[in-house]
DNA sequence: CACTAATGTGGACACTCGTCTACATTCCGT
DNA sequence: ACGGAATGTAGACGAGTGTCCACATTAGTG
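Residue numbers (this note's numbering), protein chains in the order written: chain A, 3 to 249; chain B, 3 to 249.
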């Protein structure tokens, strides 16, 4: 990929023979972890061997595998988030200042367009970063608290981005910020499953994409319908805000 | 020629000193896997040591860790599924022959009741089988294809059960079996996240339970709303069944 | 040039691991 | 009661592991 050798703060001066060591180790670890063990239980020697380095070279870059994992999350998580934000901004520019409160149909159409684009972008990223994504999902449920926390945080950032986007573009009446965030979190989580299906069943990609879009539309339509019929004050109770997996 | 004593529930034939060996190994493995490695990367010696047995005792019961994992899935997955089915039947009896097609409000109320009970049951099970559940979720995304497949299948069974239940109790107009199953699958998947939150944040259990119930209601309300407004024939694509007589 | 920091190699140590062979104990069915 | 099957223990082997120490190469800085 790219030579990004300055990932850690202040790390650009003198170097020995090879420059790609760090990157090579990360790639080796992701590749091995995607097809074999979990990240935390990878062998140090195994990884360095795969990367074409001596065992000790590992220590030059990372203290342990959690540290390597965090570096990978920073690298790829940041890339995905930047990608989503970019595309979002591009769309917003290309449209001027649109969404005055519009009719229900107009909102639906606009929402569907945004949903469709976002889903496509995520699935595209997932396809291009297959191994990293698989490892990411694996570690999200894995045994290292450090990795779990880092990845949960990443997902929370995605959810916040998505909620802000929705808030800005569609000003849905009665959809307060807290509810929007709750829905966004649930969408992001569900997407982690859809993305896995997408990778594992290439022959059903079209269907999976449609399923994902349908899911998201269903969530919003459901919230609107429940608010419209006043059902949300029912037995379910409604002390919503701050209920999620916030740190 | 009597019991096919393979792994069927009739495993009681000849035995040596201890009887709980198999069970002890499973428990040890789950316990270790829930707090340390993934199942597949557990050490044979590690597990037997924790179980208070000699390393070789492992071979007496399992050929490898996949086999142990499958046994655990059979054990606990079966228990959960039976529990859900039981409670479902009990509810159905205790009610006689209820659901003639009722008004929308009546359907909503009944649906909410079922949702609430089912969510409570699942969360209760999760709390009572904490370690097993954590390992299950971990292996659902883990590196062993054998375990992944077994757990995906288990979740599919849950989804089918849930869809059938919904189908039987609430005869929602226009909610065909395929859509119901799709929604059920998504609910089951989302519940895996809710359950994790539930375990990891005991102080927010009430809120998480409400969130789960809200999520499920939102899904159904959303599907009904979309069908009612004819939106499901839109750009999303909908080669699902032919709605035919479209209401 | 001399110095330092970064990056790399190789060898060695003690340790754990999976697996094998051999033997001991307990229960079941005939 | 006896033989076989199930379940358990003990010890040993080679392979792989994490980590440490010593040394080599290169880039930038004074």
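In this text, a Cβ means the ideal position worked out from N, Cα and C, and glycines have one as well.
Practice item. Please go through the same chain and pick out, in chain order, the residues whose beta-carbon is closer than 6 Å to the beta-carbon of residue 24 of chain B, but skip the five residues on each side of it. Key: Here residue 24 of chain B refers to the residue found at position 22 of the second chain. Once the five neighbours on either side are set aside, the close Cβ partners of residue 24 of chain B are 63.
Exercise for review: Measuring only between beta-carbons, confirm whether residue 149 of chain A sits less than 8 Å from chain B.
Suggested key: In the first chain, the residue the question calls residue 149 of chain A occupies position 147. Closer than 8 Å: no.
Practice item. Answer yes if the region 141 to 155 of chain A comes into contact with the region 69 to 88 of chain A, meaning at least three C-beta pairs across the two stretches below 8 Å, and no otherwise. Key: Short answer: they touch.
Exercise for review: For residue 226 of chain B, collect the residues of the same chain with a Cβ closer than 6 Å to its Cβ; drop the 5 residues on either side in sequence, then sort them by chain order.
Suggested key: By one-based count along the second chain, residue 226 of chain B stands at place 224. Its chain contains no residue whose beta carbon lies nearer than 6 Å to that of residue 226 of chain B once the 5 sequence neighbours on both sides are disregarded.
Point to revise | Buried versus exposed call for residue 2 of chain A [16 or more other C-beta atoms within 10 Å across all chains shown] | key: Since the first residue of chain A shown is 3 and the last is 249, residue 2 of chain A is not available in this structure.
Exercise for review: Would you please verify whether the beta carbon of residue 139 of chain B is less than 8 Å from any beta carbon of chain A?
Suggested key: For the purposes of this step, residue 139 of chain B is taken as residue 137 along the second chain, with counting starting at 1. By this cut-off, residue 139 of chain B is an interface position.
**Study point:** N-terminal and C-terminal residue of the alpha helix (DSSP H) that residue 151 of chain A is part of
**Key:** The residue labelled residue 151 of chain A in the question sits at position 149 within the first chain. DSSP places residue 151 of chain A in the uninterrupted alpha helix (DSSP H) bounded by 147 to 171.
Point to revise | Helix, strand or coil at residue 231 of chain B according to DSSP, with G and I counted as helix | key: Taking the second chain and counting its residues from 1, one reaches residue 231 of chain B at position 229. Under the three-state reduction of DSSP output, residue 231 of chain B falls in the coil class, being neither helix nor strand.
Review point. Whose Cβ in chain A lies nearer than 9 Å to the Cβ of residue 205 of chain B?
Key: Taking the second chain and counting its residues from 1, the one referred to as residue 205 of chain B is at position 203. The premise fails here: residue 205 of chain B is roughly 11 Å from chain A at the closest Cβ pair, so nothing lies under 9 Å.
**Study point:** Rounded C-alpha distance that separates residue 49 of chain B from residue 35 of chain B
**Key:** Here residue 49 of chain B is taken as the residue at index 47 of the second chain, counted from 1. Here residue 35 of chain B is taken as the residue at index 33 of the second chain, counted from 1. Approximately 9 Å between the Cα atoms of the pair.
Check your understanding: Given a threshold of 16 other Cβ atoms within 10 Å of its Cβ, counted over all protein chains shown, does residue 211 of chain A qualify as buried or as exposed?
Key -> The sequence position of residue 211 of chain A within the first chain is 209, counting from 1. Residue environment for residue 211 of chain A: buried (at least 16 other C-beta atoms within 10 angstroms of its C-beta).
Review point. With 8 Å set as the bound, which would you pick, yes or no: does the beta-carbon of residue 186 of chain A sit closer than that to a beta-carbon of chain B?
Key: As a first step, residue 186 of chain A must be located in the first chain, where it is residue number 184. Cβ-Cβ to chain B under 8 Å: no for residue 186 of chain A.
**Study point:** Members of the region 39 to 57 of chain A near chain B, C-beta cut-off 8 Å
**Key:** Under the 8 Å Cβ criterion, the region 39 to 57 of chain A contributes 39, 40, 42 and 43.
Point to revise | residue 230 of chain B versus B:174, B:26 and B:80, residue with shortest Cα-Cα distance | key: On the second chain, position 228 is the one that residue 230 of chain B refers to. Ranking the options by Cα distance to residue 230 of chain B, first place goes to B:174.
Check your understanding: residue 158 of chain B CB to nearest chain A CB: under 8 Å?
Key -> For the purposes of this step, residue 158 of chain B is identified with residue 156 of the second chain, where counting begins at 1. Residue 158 of chain B does not count as touching chain A.
Review point. Quick one: any contact between the region 76 to 93 of chain A and the region 151 to 166 of chain A, if contact means 3 or more CB pairs under 8 Å?
Key: Segments in contact, yes.
Exercise for review: Express the C-alpha separation of residue 188 of chain B and residue 153 of chain B in angstroms, rounding to a whole number.
Suggested key: For the purposes of this step, residue 153 of chain B is taken as the residue at position 151 of the second chain. For the purposes of this step, residue 188 of chain B is taken as the residue at position 186 of the second chain. Near 15 Å, if we compare the C-alpha coordinates of residue 188 of chain B and residue 153 of chain B.
Check your understanding: Are the Cβ atoms of residue 182 of chain B and residue 168 of chain B separated by less than 8 Å?
Key -> In the second chain, the residue the question calls residue 182 of chain B occupies position 180. In the second chain, the residue the question calls residue 168 of chain B occupies position 166. Yes, they are a contact pair.
Check your understanding: Within the 8 Å Cβ cut-off, does residue 71 of chain B reach chain A?
Key -> For the purposes of this step, residue 71 of chain B is identified with residue 69 of the second chain, where counting begins at 1. Between residue 71 of chain B and chain A, the shortest Cβ-Cβ separation is not below 8 Å.
Review point. Taking Cβ positions only, does residue 217 of chain A come closer than 8 Å to chain B?
Key: Along the first chain, one-based indexing puts residue 217 of chain A at 215. Closer than 8 Å: yes.
Check your understanding: Is it right to say residue 248 of chain B is buried, meaning 16 or more other beta carbons lie within 10 angstroms of its own, or is it exposed?
Key -> Looking up residue 248 of chain B in the second chain gives position 246. With a pLDDT of 39 at residue 248 of chain B, under the threshold of 50, the modelled position of that residue is not reliable, and the figure given next carries that caveat. With fewer than 16 other Cβ atoms inside 10 Å of its own Cβ, residue 248 of chain B counts as exposed.
Check your understanding: Using CA coordinates, which residue listed in A:91, A:141 and A:85 is at the minimum distance from residue 125 of chain A?
Key -> Taking the first chain and counting its residues from 1, one reaches residue 125 of chain A at position 123. Looking at the Cα atoms, A:85 is the closest of the given residues.
**Study point:** Same chain, Cβ closer than 7 Å to residue 13 of chain A, five either side skipped, listed in chain order
**Key:** Counted from its first residue, the first chain places residue 13 of chain A at position 11. Unreliable placement is indicated for residue 13 of chain A, whose pLDDT of 34 sits below 50; the coordinate value is still reported in the next sentence. The same chain holds no residue with a CB closer than 7 Å to that of residue 13 of chain A once the five nearest residues on each side in sequence are set aside.
Check your understanding: How many Å lie between residue 57 of chain B and residue 65 of chain B at the Cα?
Key -> Counted from its first residue, the second chain places residue 57 of chain B at position 55. Counted from its first residue, the second chain places residue 65 of chain B at position 63. CA-CA distance, residue 57 of chain B to residue 65 of chain B, rounds to 13 Å.
Review point. What are the complete alpha helix (DSSP H) segments, minimum 4 residues, inside the region 40 to 79 of chain B?
Key: The region 40 to 79 of chain B contains, as complete alpha helix (DSSP H) runs of 4+ residues, the segments 46 to 53, 59 to 63 and 67 to 74 (chain order).
Practice item. Determine the closest residue to residue 51 of chain B out of B:26, B:37, B:141 and B:43, with distance taken between C-alpha atoms. Key: The residue given as residue 51 of chain B occupies position 49 in the second chain. That would be B:26, whose Cα lies nearest to the Cα of residue 51 of chain B.
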